[in-house]
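Protein chains in written order, with the working numbering: chain R, 223 to 629; chain E, 128 to 382. In what follows, a single structure is set out as structure tokens and then discussed.
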Amino acid sequence: MMLLKLAWLNIWRNKRRTIITATSVFFAVLLAIIFRSLTDGVYDNMIHNVVSYSSGYIQIHQKGYWDEQSIDNTFEEDQQLYQELLKNPKVTHIMPRLQTFALASYSDKTKGVLVLGIDPVKEKEVNNLHDKIINGEYIESVNDNAVVLGEGLASQLKLKVNDTLVLLGQGYHASSAAAKFRVKGLIKLGALELNNNVVYMPLKQAQYMHGAENRLTSVSVMLNKATNLEKLKHSLQESIDSDTYEIMSWKEMMPEMDQFIEADSTGHNIIIGILYFIISFGLFGTLMMMIFERKHELGILIAIGMKKRLLAFVLLLESIMISLLGCVVGIIGGMLFVKWFTIHPIQLTGELKEVYEDYGIESIIYFSSQEKIFIIQTLIVLILSILLALYPSYKVMKLKPVEAINS
Amino acid sequence: MKIKSICKGLGIILLMIPLLGIQLQQELSAKDIVKKAEDNMRGKTSQADITIKIIRPTWTREMNMKAWTKGDDYSIILVTSPAKEKGTVFLKRIKEVWNWIPTIERNIKLPPSMMSQSWMGTDFTNDDLVKEASSVVDYTHKHLGKESITGKDCYKIEMIPKPSTAIVWVKVIVWIDSEDFLQLKAEFYDEDGELVNIMNSSDVKEVGGRKITSKIQMFPVDKEGNSTVIIYNDIVFDKGINDNFFTTRNMKQLK
Numbered sequence: 223m224m225l226l227k228l229a230w231l232n233i234w235r236n237k238r239r240t241i242i243t244a245t246s247v248f249f250a251v252l253l254a255i256i257f258r259s260l261t262d263g264v265y266d267n268m269i270h271n272v273v274s275y276s277s278g279y280i281q282i283h284q285k286g287y288w289d290e291q292s293i294d295n296t297f298e299e300d301q302q303l304y305q306e307l308l309k310n311p312k313v314t315h316i317m318p319r320l321q322t323f324a325l326a327s328y329s330d331k332t333k334g335v336l337v338l339g340i341d342p343v344k345e346k347e348v349n350n351l352h353d354k355i356i357n358g359e360y361i362e363s364v365n366d367n368a369v370v371l372g373e374g375l376a377s378q379l380k381l382k383v384n385d386t387l388v389l390l391g392q393g394y395h396a397s398s399a400a401a402k403f404r405v406k407g408l409i410k411l412g413a414l415e416l417n418n419n420v421v422y423m424p425l426k427q428a429q430y431m432h433g434a435e436n437r438l439t440s441v442s443v444m445l446n447k448a449t450n451l452e453k454l455k456h457s458l459q460e461s462i463d464s465d466t467y468e469i470m471s472w473k474e475m476m477p478e479m480d481q482f483i484e485a486d487s488t489g490h491n492i493i494i495g496i497l498y499f500i501i502s503f504g505l506f507g508t509l510m511m512m513i514f515e516r517k518h519e520l521g522i523l524i525a526i527g528m529k530k531r532l533l534a535f536v537l538l539l540e541s542i543m544i545s546l547l548g549c550v551v552g553i554i555g556g557m558l559f560v561k562w563f564t565i566h567p568i569q570l571t572g573e574l575k576e577v578y579e580d581y582g583i584e585s586i587i588y589f590s591s592q593e594k595i596f597i598i599q600t601l602i603v604l605i606l607s608i609l610l611a612l613y614p615s616y617k618v619m620k621l622k623p624v625e626a627i628n629s
Numbered sequence: 128m129k130i131k132s133i134c135k136g137l138g139i140i141l142l143m144i145p146l147l148g149i150q151l152q153q154e155l156s157a158k159d160i161v162k163k164a165e166d167n168m169r170g171k172t173s174q175a176d177i178t179i180k181i182i183r184p185t186w187t188r189e190m191n192m193k194a195w196t197k198g199d200d201y202s203i204i205l206v207t208s209p210a211k212e213k214g215t216v217f218l219k220r221i222k223e224v225w226n227w228i229p230t231i232e233r234n235i236k237l238p239p240s241m242m243s244q245s246w247m248g249t250d251f252t253n254d255d256l257v258k259e260a261s262s263v264v265d266y267t268h269k270h271l272g273k274e275s276i277t278g279k280d281c282y283k284i285e286m287i288p289k290p291s292t293a294i295v296w297v298k299v300i301v302w303i304d305s306e307d308f309l310q311l312k313a314e315f316y317d318e319d320g321e322l323v324n325i326m327n328s329s330d331v332k333e334v335g336g337r338k339i340t341s342k343i344q345m346f347p348v349d350k351e352g353n354s355t356v357i358i359y360n361d362i363v364f365d366k367g368i369n370d371n372f373f374t375t376r377n378m379k380q381l382k
């Protein structure tokens with residue numbers, strides 16, 4: 223206790239030195255947090271955008287659907303399932319879908335397409351589909367007797383708004399699925415694959431066309447951007463009937479995106495490693511200066527009977543206090559920074575904005591505010607500074623009082 | 128596939144020609160037996176009312192159809208139920224297959240790439256509709272003795288396609304009833320010698336004044352629990368049908 227008090231008094235004896243050291247820790251923490259928050263935020267944003275058009279964060283299928291994606295492996299629409307899913311506070315939206323492949327034909331052009339039977343209202347809440355319409359109108363309800371086409375697909379079929387699209391596919395239980403639809407609008411999507419292949423169809427129409435009344439291939443679940451995916455998947459898994467349904471996260475359904483992020487973040491880990499390295503040297507410098515300045519004082523303390531061990535411990539305590547101080551201020555600073563940019567995200571402009579939009583990703587820089595980032599980054603800096611503080615302690619153990627007093 | 132193509136898809140609907148009092152000899156060559164069985168299923172024309180059942184492990188589906196045939200070259204099938212597919216027509220003209228789909232008002236000529244795909248979701252392929260190989264001319268036949276199928280005495284005959292033909296099977300074994308000369312069973316073997324399909328014909332009945340096997344069931348061997356059943360509810364034989372009946376134009380007004 224006395225040592226604690228001693229250390230506390232010591233660090234405030236030379237305020238300037240303490241503040242400089244604490245400031246270097248503060249900047250280290252702040253930089254690490256901002257960097258991580260930024261990279262994670264960019265990933266989160268990318269994932270959110272991609273999954274909102276495609277699979278959703280989590281998808282629920284009839285058991286066995288993923289291995290054999292046929293319309294025969296669909297399940298009956300179930301309000302109870304919806305309620306069960308929405309009960310979870312992390313779940314923001316659910317999107318029922320009937321997804322099949324069909325041949326689309328207009329005049330003498332024919333092409334294989336992805337038919338997405340959707341609930342237009344639910345869908346637009348999630349991914350603002352109606353904003354991407356570049357020609358014509360968006361479908362209004364599940365019963366609307368019209369479809370919306372990817373703009374790339376429309377140009378391949380040489381088709382315009384209000385033309386009639388013919389679709390031919392495989393229906394439920396070997397029935398045939400054939401129908402004509404008016405094209406109500408064209409939609410420009412970032413993902414080329416979707417843009418060139420997708421036909422959005424009101425859910426009820428899709429079900430009727432495939433002879434699969436009230437049946438769905440999947441229910442996509444949307445979550446808050448920063449939700450622990452695996453944990454949520456488990457809790458959802460428990461709440462639904464696992465004999466009937468299978469539940470999959472986007473990582474399982476789109477492993478290539480997961481791998482891309484993994485590979486990309488390895489690069490970021492190297493950068494952040496270098497950042498830690500630089501920070502460590504800055505910190506080390508201030509610590510060295512401190513021990514140098516106080517050599518005389520330390521020598522006298524030992525000479526009048528202070529045990530070296532205890533003195534080394536006091537120095538360690540001082541370092542920890544300074545680091546803690548820096549870390550706490552750093553976290554507060556980081557939080558304020560991230561908070562500010564979460565409320566006022568950085569809007570990209572110019573060419574970069576176009577690149578982002580071409581890929582169908584919102585052109586904003588979004589900062590992730592996952593608590594995990596704050597905790598991990600702070601801990602790393604804290605541990606680093608404690609490790610570094612071992613050096614002054616070591617110096618004290620080696621100190622020769624006479625030389626020190628005379629220096 | 129060729130040999131029993133007649134029994135599959137459209138071919139199934141072919142009618143039998145009356146034996147016209149041909150006296151059966153005690154010892155028939157394998158080829159003669161196959162010819163007799165084939166003749167029993169071929170005719171000048173036929174009009175049939177058919178029910179097709181698709182049986183899968185977890186579901187079944189039933190369709191009703193009307194079919195008209197003329198010789199080997201022409202046939203036309205009209206789907207009469209279920210309601211959603213009512214009016215769908217398949218036309219086989221020589222080697223072409225056309226599919227009229229009223230809901231989209233399109234007449235589609237089935238491309239070669241679709242020939243090996245399932246016909247209407249059944250265990251028959253589109254190819255089964257058009258193959259017109261003759262089980263008499265295109266194969267060499269060999270007696271494998273006699274066996275009893277569902278209590279009936281049958282000739283068991285092995286048929287090997289001739290090298291010049293485009294038959295996908297390497298071997299077909301048929302069982303032909305020694306009394307009525309109706310084919311009761313057929314086994315189809317692929318190039319690896321593996322059994323691929325089994326076709327059973329049963330329920331010998333007098334329909335339209337002839338004795339025919341009114342129920343034909345196809346089992347794909349590698350898909351357990353899957354099969355397709357074809358049932359002849361009614362057939363009218365040898366009623367003259369004009370060639371003009373088998374045209375793409377007529378498909379659209381068929382009732």
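Even glycine gets a Cβ: it sits at the ideal position worked out from N, Cα and C.
query	result
Using the beta-carbon count (16 or more within 10 Å), is E:Gln152 buried or exposed?	The pLDDT assigned to E:Gln152 is 43, lower than 50, so where the model puts this residue is not dependable; a value taken from the coordinates is nonetheless given after this. With fewer than 16 other Cβ atoms within 10 Å, it is exposed.
Would you mind working out which of R:Tyr279, R:Leu375, R:Ala229 and R:Thr261 sits nearest R:Ile483, comparing C-alpha positions?	R:Thr261
Counting pairs of beta carbons, one from the stretch 313-328 of chain E and one from the stretch 343-361 of chain E, are three or more of them closer than 8 Å?	yes
Sort out for me which residues DSSP pairs E:Phe346 with in a bridge.	E:Ile325
What span of residues does the alpha helix (DSSP H) with R:Phe503 cover, start to end?	Pro477 to Glu515
Closer than 8 Å, CB to CB, is R:Leu390 near chain E or not?	yes
Using DSSP bridges, identify the partner residues of R:Ser461.	Paired residue(s): none; R:Ser461 is not in a bridge.
Should E:Thr207 and E:Lys219 be called a contact, given that it needs their Cβ atoms to be closer than 8 Å?	no
Of all the CB atoms in chain E, is at least one closer than 8 Å to the CB of R:Lys402?	yes
Identify, in the order they occur along the chain, each residue of the same chain with its Cβ nearer than 6 Å to the Cβ of R:Ser461, setting aside the five sequence neighbours on each side.	Glu306
Any beta-carbon of chain R closer than 8 Å to the one on E:Gln152?	Because E:Gln152 sits at a pLDDT of 43, beneath the cut-off of 50, its placement in the model cannot be relied upon, and the following sentence gives the value as read from the coordinates. Not one chain R Cβ lies under 8 Å of E:Gln152.
Comparing C-alpha positions only, which one of E:Ala157, E:Ser329, E:Asn371 and E:Ser173 sits nearest to E:Thr196?	E:Ser173
Residues of the stretch 229-251 of chain E in Cβ contact with chain R at a cutoff of 9 Å, in chain order, please.	Pro229, Thr230, Ile231, Glu232, Arg233, Ile235, Ser245, Met247, Gly248 and Thr249
Residues of the stretch 207-227 of chain E in Cβ contact with chain R at a cutoff of 8 Å, in chain order, please.	Pro209, Lys211, Glu212 and Thr215
Where does the unbroken alpha helix (DSSP H) through R:Tyr578 begin, and where does it stop?	Gly572 to Asp580
Taking all protein chains shown into account, do 16 or more other C-beta atoms lie within 10 angstroms of the C-beta of R:Asn628, making it buried, or fewer, making it exposed?	exposed
Quick check: what's the CA-CA separation for E:Leu83 versus E:Glu333?	The shown model of chain E, from 128 to 382, leaves out residue 83 of chain E, and the question about it has no answer.
With 7 Å as the C-beta to C-beta threshold (strictly closer), list the residues of the stretch 176-208 of chain E near chain R in chain order.	Ile181, Trp186 and Arg188
Tell me which same chain residues have a C-beta within less than 8 Å of the C-beta of R:Glu625, skipping the five on either side of it?	Gly521
Excluding the 5 residues preceding and the 5 following E:Ile221 in the sequence, name in chain order all residues of the same chain whose CB lies nearer than 6 Å to its CB.	Asp200
Using a Cβ-Cβ cutoff of less than 8 Å, which residues in the same chain neighbour R:Tyr394 once the five nearest sequence positions on both sides are dropped?	Ile293, Asp294, Thr296, His432, Gly433, Ala434 and Arg437
Please classify E:Ile284 as buried or exposed, where buried requires at least 16 other C-beta atoms within 10 Å of its C-beta.	buried
Using the beta-carbon of each residue, which ones in chain E are nearer than 7 Å to R:Ser487?	Residues of chain E passing the Cβ test: none, with the nearest at roughly 44 Å.
At a Cβ threshold of 8 Å, is R:Gly433 touching chain E?	yes
Name the DSSP bridge partner or partners of R:Asn628?	Beta-bridge pairing links R:Asn628 to no other residue.
Alpha carbons only, please: which of E:Leu205, E:Asp361, E:Lys269 and E:Ile231 is nearest the one belonging to E:Lys338?	E:Asp361
To the nearest angstrom, report how far apart R:Leu425 and R:Gln378 are at their CA atoms.	25 Å
Quick check on the DSSP output: the alpha helix (DSSP H) that includes R:Lys594 runs from which residue to which?	Glu593 to Lys620
If the cut is a Cβ gap below 8 Å, which residues of chain E does R:Ala324 touch?	Simply none; closest approach about 11 Å.
Below 8 Å on C-beta distance, what does R:Ser471 contact in chain E?	Under the 8 Å cutoff, chain E gives no residues; its nearest Cβ is about 28 Å from R:Ser471.
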